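Numbering (our numbering), first residue to last: 58 to 254. To start, the structure under review is shown below, and the notes come after it.
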DNA sequence: TCGACGATGACCT
DNA sequence: GGTCATCGTCGAA
């Protein structure tokens with residue numbers, strides 16, 4: 058069985074280890090009563106204090122990034138390229154702007170709704186293999202920004218699964234971050250076909 | 001105000 | 001491999 062992660066989980070001060078430990082857990086949404094979810098198979102860590110790739114670097118608080126300065130356990134959702142909604146998990150204590158980007162899931166719950174949202178005919182590996190696709194599958198919108206992850210709309214459940222091998226590598230699409238683009242802060246489950254790229 | 005530019009994805013060749 | 005849709009954000013003016 059599975060159980061919902063508690064607030065304390067998200068308050069941890071090591072966003073990199075949280076990003077790694079989120080692999081295999083189940084991300085679930087309840088959007089107007091429609092429940093969908095999937096196993097997290099790919100994540101990336103972003104740390105506002107030390108990481109040029111983070112929107113909140115260097116400890117930069119703006120209208121957009123202020124949600125990352127809140128205590129962990131809430132969502133940071135923003136619009137990328139004017140089209141895609143990217144879902145992040147805010148971590149760490151108040152004033153420490155860390156977040157984990159969920160890049161891919163393996164659908165496990167409400168698969169018929171996921172297929173409908175993606176306007177597909179059937180389940181395929183390409184439905185949820187990318188951060189914009191994850192939000193599209195789960196019905197995550199911009200106005201879920203700052204939504205609590207311990208409430209009734211978006212949450213994460215633990216899983217007993219632990220037999221996967223984790224691959225760590227560099228993050229995607231952050232070349233602008235110069236040397237920080239080389240940090241091994243992207244994690245995915247080895248051989249899982251829902252991983253992006 | 002204004003303009004450059006994305007933590008992407010779909011579609012094309 | 002390449003192109004481009006599309007718009008909020010942020011720093012410059």
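Backbone N, C-alpha and C define an ideal beta-carbon position, used for all residues, glycine too. Just so we're clear, the structure is a prediction, and the values are computed from it rather than from any experiment.
- Sorting 245, 146, 106, 251 by C-alpha distance to the C-alpha of residue 128 places 146 at the top.
- With fewer than 16 other Cβ atoms from the protein chains shown falling within 10 Å of its own Cβ, residue 219 counts as exposed.
- Under DSSP, residue 103 forms a beta bridge with 156.
- At the C-beta level, residue 101 and residue 253 stay beyond 8 Å of one another.
- Per DSSP, reduced to three states, the secondary structure at residue 142 is strand.
- Taking the Cα positions, residue 131 is about 5 Å away from residue 203.
- Its Cα nearest to that of residue 230, the residue 137 stands out among 137, 222, 196.
- Between residue 243 and residue 92, the alpha-carbon positions lie close to 28 Å from each other.
- Annotation: residue 228 to residue 171 spans about 26 Å, alpha carbon to alpha carbon.
- Taking the Cα of residue 111 as reference, the smallest distance to any Cα among 151, 232, 77, 161 is reached at 232.
- Annotation: residue 113 is outside any beta strand (DSSP E) and is labelled neither H nor E by DSSP.
- When DSSP reads this structure, residue 137 sits in a beta bridge with 141.
- Within its own chain, the residues whose Cβ lies closer than 8 Å to the Cβ of residue 142, once the five positions on either side in sequence are excluded, are 134, 135, 136, 189, 192, 193, 197, 198, 199, listed in chain order.
- Taking C-alpha positions only, residue 207 is separated from residue 237 by approximately 31 Å.
- Annotation for residue 174: 193, 194, 196 place their beta carbon closer than 7 Å to its own, counting only its chain and skipping 5 residues before and after.
- Collapsing the DSSP output to three states places residue 229 in coil.
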